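Q:
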Amino acid sequence: MAPRTLLTAMRPLRSSMMASTRRAFATTPRMAIKEDADRTPEQVEQAKQEQLREQEQGKGRWREDLASHGESNIAADRQKVHDHDQHMKELQQEGKEKGEKGEMRVKCDETPEICNQCRRLGLPCSGPLQGSIVIDMTERVVKPRERKKKQTAKVAVREKNNEKKSLANIDSTILRLQDKDSANKAAPGDSLSQAMFPAQNASPNEVEKAITAIRYQYSPPQFDQPSRVMPESLDVAFLCHYVELNRAGDTDAPAIQWLLHLPKIHGNSSKPAVRLSLRAVSMAFYGNHHHDPSILIDSWRWYTIALRAQRVAVEKLRINGMPDEEEVLVPLILTLYELYVGASTGGSMAHLAASAEIMNMRGPGNCKTDAIWPIFKGVRTSDSHKCVVFNKKSVYSSPEWMSIPFIDMAPDPHQSLTDIELMLPHCMALLEIQGTMRAVFDTPIPPHVDARPCAELAIKLLGQLDEWAEAYPHLTRFSRSRDTTPASGPPSKARTKKARKSDSIDTVTALVASNYAADRLFLNSLMYKIHTQSTTRPELYGNSTAHYLDEATKYGLDIMKAMAAIEQASALGFDLLRSIVPLVMVGFTAPDVELRNNALAMMGRWVGRVGGLGTIFKHM
């Protein structure tokens, strides 16, 4: 039987009713009082009470019009109700049994003597039920299915045989795989406690704390980053990780003092561009070093925000005038980000140029304060490298910038070496060859050019390098061995094998010594080029052609040994970036073809480790 709504069931029954049933509804004791109007009220009330008592005891009878149809016996009516209820129970029981077998379950819920449902199904019916019937339609016709309970989200690890592993077994398996993977990666000597940190000044505890704090917030590989991050604690953790992995020695590498000042600068800075740029570069370094794409993606977001903040600061700078040290530092930090990520073509060079221009706005007399002094030295050194590679004269090679900032200041060996390097583009300019350093050494000297001024300046700079080496001999060694006397004679295979079997390279001192060797390589290669390509007599200036070839090859081999040691031992950080210019000089200026090819091959490997180097090498 099709289910009905409760409202439909409560409506007056539309099926035809027997006349006796209608009279029964119309002649209840309460309604019969109207027919006894000739009696007194006391008689009517007494008769009504007696009739009710008789009905309760089952002895009374209905009125005569009811007795004629056999419906005046209340006990018989009650028996019919009892029989109907019993019949309903039987139908419900049969319906349950049929429902379990997939059959339809019926319910006798009609008031005629033989209900339509029972007639259709061929079932016996107890007849109609007198009075109003409220049909319970909440019970479903078919057997209801149990509602599936919503389970909590739990990650279940299943194998092919559908057996679940316990959480302890899963954790032990993951730890075992991680230990195996870390053991394989640490086999070449790149372990966290050995190769990533210099043994004499490492702080592994600080780095481990920083990594723990970062991994607590970022769960790699998790691309959807948490919305509520603790910025201050994360910035400190990322910066600590970045500085500790790039610390190169407190005594042998003071040229990167501005790098060691980054945590202090971050704590004291009130400008958004500084804090955002430091956050972006430290996160990019962490993401590259630990191969975490989620942190790399998040670092790009902070990088774009830092760029917008820097543009706002530059607009205000044009109005206010002199920039402070933080506004000079931001382009340097953004340069490091471009080198780590390689986000845009030529972005690192643009940031370096912006840093130099902002420093120039301060003037040479405003670069000696405590905060700006290490940043000035870093900007000056990086600008000298850039100008040599791209064959452009630097503004810091002017007389006022070469003298005024260093008045009443202690002598700095690294800045003295930078003074010599700033003059190398002047040597190339005297040859009247356009293009980068690579183009100068690949292009023959024009016949009309007098190479004697270039040779005289190169010989003068070589003499200054000799004086610098005498003043700071410990900065010219690639190893801790005291043997620094260069070998004489043309290069040979025996000499190359002997050089490879020499003392181990100390990566801390090799960073400074490689810059010194790169300057000597450049000047000796330039003199060799003048001797072999100039129309003037080579005997008029300097030593012999073989001497310059020997010197250039010797320093090229030393640089390649140092670069190989740094490539193996250094993390993907600041030490590797500082070694780019010496390697580039070997690849573009060395007179030996084998040396050039080896340097270019190493440059290709470094591009794979530092994504931003590829765009720089394309412009060289």
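Residues in the sequence shown are numbered from 1 upward in steps of one, following the UniProt record's numbering. Think of the CB as a built atom: it goes at the ideal place given N, C-alpha and C, for glycine as much as any other residue. Everything numeric in this text was worked out from a predicted model, so none of it was measured.
(1) Leaving out five residues before and five after THR545 in sequence, what residues of the same chain have Cβ atoms less than 8 Å from its Cβ?
(2) Alpha carbon to alpha carbon, how far is LEU296 from ASN288?
(3) By alpha-carbon positions, which one of PRO413, VAL449 and ARG120 ends up nearest to PRO473?
(4) Going by C-alpha to C-alpha distance, which of MET563, ILE407 and ASN543 sits closest to residue 633?
(5) Check each candidate in VAL379, VAL281 and TYR555 and name the one with the smallest Cα separation from GLN415.
(6) Please report how far the alpha carbon of MET603 lies from the alpha carbon of ARG438, in whole angstroms.
(7) Between the Cα of ALA429 and those of GLN310, PHE617 and ARG452, spot the shortest distance and give me the residue it belongs to.
(8) Restricting to Cα atoms, I'd like to know which of GLU594, LEU583, THR589 and VAL593 is closest to ARG605.
(9) Can you have a look at residue 659 and say buried or exposed, based on whether 16 or more other CB atoms are within 10 angstroms of its CB?
(10) Using alpha carbons as the reference points, say which of THR369, ARG362, HIS241 and ASP466 lies closest to VAL207.
(11) For PRO364, count the other beta carbons within 10 Å of its own beta carbon; 16 or more makes it buried, fewer makes it exposed. Which is it?
(12) What's the gap between the Cα of ALA552 and the Cα of SER394?
(13) Distance check for ASN515 and LEU239, CA to CA, integer angstroms please.
(14) Can you tell me which of THR536, ALA350 and VAL440 puts its alpha carbon nearest to the alpha carbon of THR589?
(15) Which residue comes first and which comes last in the alpha helix (DSSP H) that contains LEU475?
(16) Using three-state DSSP, classify PHE115 as helix, strand or coil.
(17) Express the C-alpha separation of THR212 and LEU422 in angstroms, rounding to a whole number.
(18) Where does GLU54 sit, in a helix, a strand or coil, going by DSSP?
(19) Are there 16 or more other CB atoms within 10 angstroms of the CB of ILE214, so buried, or fewer, so exposed?
(20) Between which two residues does the alpha helix (DSSP H) carrying ILE420 extend?
(21) Under 8 Å by Cβ, that's how I've got LEU352 and ASP383 pegged, so tell me the actual separation to the nearest angstrom.
(22) Start and end of the alpha helix (DSSP H) containing SER403?
(23) CYS115 to GLN43, Cα distance in whole Å?
(24) Can the beta-carbon of THR381 be found closer than 8 Å to that of THR418?
(25) Rounded to whole angstroms, how far is the Cβ of ILE407 from the Cβ of GLN464, which I believe are closer than 8 Å?
(26) Is LYS377 buried or exposed, if buried means 16 or more other CB atoms sit within 10 Å of its CB?
(27) Under a Cβ-count criterion, where at least 16 other Cβ atoms within 10 Å of its own Cβ denotes burial, should GLY347 be classed as buried or exposed?
(28) State the CB to CB distance for the pair ALA517 and TYR555, rounded to an integer number of angstroms; the pair is presumed to be in contact (CB under 8 Å).
(29) Taking the C-alpha atoms as reference points, what is the distance between CYS367 and LEU457?
(30) Would you mind stating whether ASN391 and THR436 have Cβ atoms separated by less than 8 Å?
(31) Using a threshold of 8 Å, state whether the C-beta atoms of TYR337 and ALA284 are closer than that.
A: The answer reads as follows:
(1) Here residue 545 is taken as the residue at index 545 of the sequence shown, counted from 1. TYR528, HIS531, THR532 and PRO538, listed in sequence order.
(2) Here residue 296 refers to the residue found at position 296 when the sequence shown is read from its first residue. Here residue 288 refers to the residue found at position 288 when the sequence shown is read from its first residue. Each residue's alpha carbon lies about 7 Å from the other.
(3) Along the sequence shown, one-based indexing puts residue 473 at 473. For the options PRO413, VAL449 and ARG120, the alpha carbon positioned closest to that of PRO473 is the one of PRO413.
(4) Look at the range of the chain in this structure, 1 to 620, and you will see that residue 633 is not part of it.
(5) Taking the sequence shown and counting its residues from 1, the one referred to as residue 415 is at position 415. Of the candidates VAL379, VAL281 and TYR555, the one whose C-alpha sits nearest the C-alpha of GLN415 is VAL379.
(6) For the purposes of this step, residue 603 is taken as the residue at position 603 of the sequence shown. For the purposes of this step, residue 438 is taken as the residue at position 438 of the sequence shown. Roughly 14 Å between the two C-alpha positions.
(7) Locating residue 429 in the sequence shown gives position 429, where the first residue counts as 1. When GLN310, PHE617 and ARG452 are compared, the shortest CA-CA separation from ALA429 is found for ARG452.
(8) What you label residue 605 is simply residue 605 of the sequence shown in a count that begins at 1. Nearest option by C-alpha distance: LEU583.
(9) Look at the range of the chain in this structure, 1 to 620, and you will see that residue 659 is not part of it.
(10) Taking the sequence shown and counting its residues from 1, the one referred to as residue 207 is at position 207. It is HIS241 whose Cα lies nearest to the Cα of VAL207.
(11) Locating residue 364 in the sequence shown gives position 364, where the first residue counts as 1. Classification for PRO364: buried.
(12) Here residue 552 refers to the residue found at position 552 when the sequence shown is read from its first residue. Here residue 394 refers to the residue found at position 394 when the sequence shown is read from its first residue. Their Cα atoms are separated by approximately 25 Å.
(13) Walking along the sequence shown from the start, residue 239 turns up at place 239. Walking along the sequence shown from the start, residue 515 turns up at place 515. Using only the alpha carbons, I get a separation of about 27 Å.
(14) As a first step, residue 589 is located in the sequence shown; it is residue number 589 there, counting from the start. That would be VAL440, whose Cα lies nearest to the Cα of THR589.
(15) Within the sequence shown, numbered from 1, the residue matching residue 475 stands at position 475. For LEU475, no alpha helix (DSSP H) segment is defined, and its DSSP state is neither H nor E.
(16) Here residue 115 refers to the residue found at position 115 when the sequence shown is read from its first residue. One point to set straight first is that residue 115 is Cys, not Phe, in the sequence displayed. CYS115 falls in the coil class under three-state DSSP.
(17) The residue labelled residue 422 in the question sits at position 422 within the sequence shown. The residue labelled residue 212 in the question sits at position 212 within the sequence shown. Near 44 Å, if we compare the C-alpha coordinates of THR212 and LEU422.
(18) Here residue 54 is taken as the residue at index 54 of the sequence shown, counted from 1. In the displayed model, GLU54 falls within a helix according to three-state DSSP.
(19) For the purposes of this step, residue 214 is identified with residue 214 of the sequence shown, where counting begins at 1. Around the beta carbon of ILE214, 16 or more other beta carbons sit within 10 angstroms, so the residue counts as buried.
(20) Here the question's residue 420 lines up with position 420 in the sequence shown. Taken as a continuous stretch (DSSP letters only), the alpha helix (DSSP H) holding ILE420 covers 413–421.
(21) Looking up residue 352 in the sequence shown gives position 352. Looking up residue 383 in the sequence shown gives position 383. Yes, they are in contact, since the Cβ atoms of LEU352 and ASP383 sit about 7 Å apart, within 8 Å.
(22) Position 403 of the sequence shown, counted from the start, is the residue given in the question as residue 403. Start and end: 399–403.
(23) Counting from one through the sequence shown, the residue named residue 115 turns up at place 115. Counting from one through the sequence shown, the residue named residue 43 turns up at place 43. Spanning the alpha carbons of CYS115 and GLN43 requires a straight line of approximately 43 Å.
(24) For the purposes of this step, residue 381 is taken as residue 381 along the sequence shown, with counting starting at 1. For the purposes of this step, residue 418 is taken as residue 418 along the sequence shown, with counting starting at 1. In this structure, THR418 lies closer than 8 Å to THR381 by Cβ.
(25) Locating residue 407 in the sequence shown gives position 407, where the first residue counts as 1. Locating residue 464 in the sequence shown gives position 464, where the first residue counts as 1. Wrong, their Cβ atoms sit about 20 Å apart, outside the cutoff.
(26) In the sequence shown, residue 377 corresponds to position 377, counting from 1. LYS377 comes out buried.
(27) Reading the sequence shown from its first residue, position 347 is the one you call residue 347. With a 10 Å radius around the Cβ and a threshold of 16 neighbouring Cβ atoms, GLY347 comes out buried.
(28) As a working mapping, residue 517 is identified with position 517 in the sequence shown. As a working mapping, residue 555 is identified with position 555 in the sequence shown. About 4 Å; that satisfies the 8 Å criterion.
(29) Locating residue 367 in the sequence shown gives position 367, counting from the first residue. Locating residue 457 in the sequence shown gives position 457, counting from the first residue. Approximately 29 Å, taken between the alpha carbons.
(30) Position 391 of the sequence shown, counted from the start, is the residue given in the question as residue 391. Position 436 of the sequence shown, counted from the start, is the residue given in the question as residue 436. For the pair ASN391 and THR436, the CB atoms are nearer than the 8 Å cut-off.
(31) In the sequence shown, residue 337 corresponds to position 337, counting from 1. In the sequence shown, residue 284 corresponds to position 284, counting from 1. Yes, these two residues count as a Cβ contact at 8 Å.
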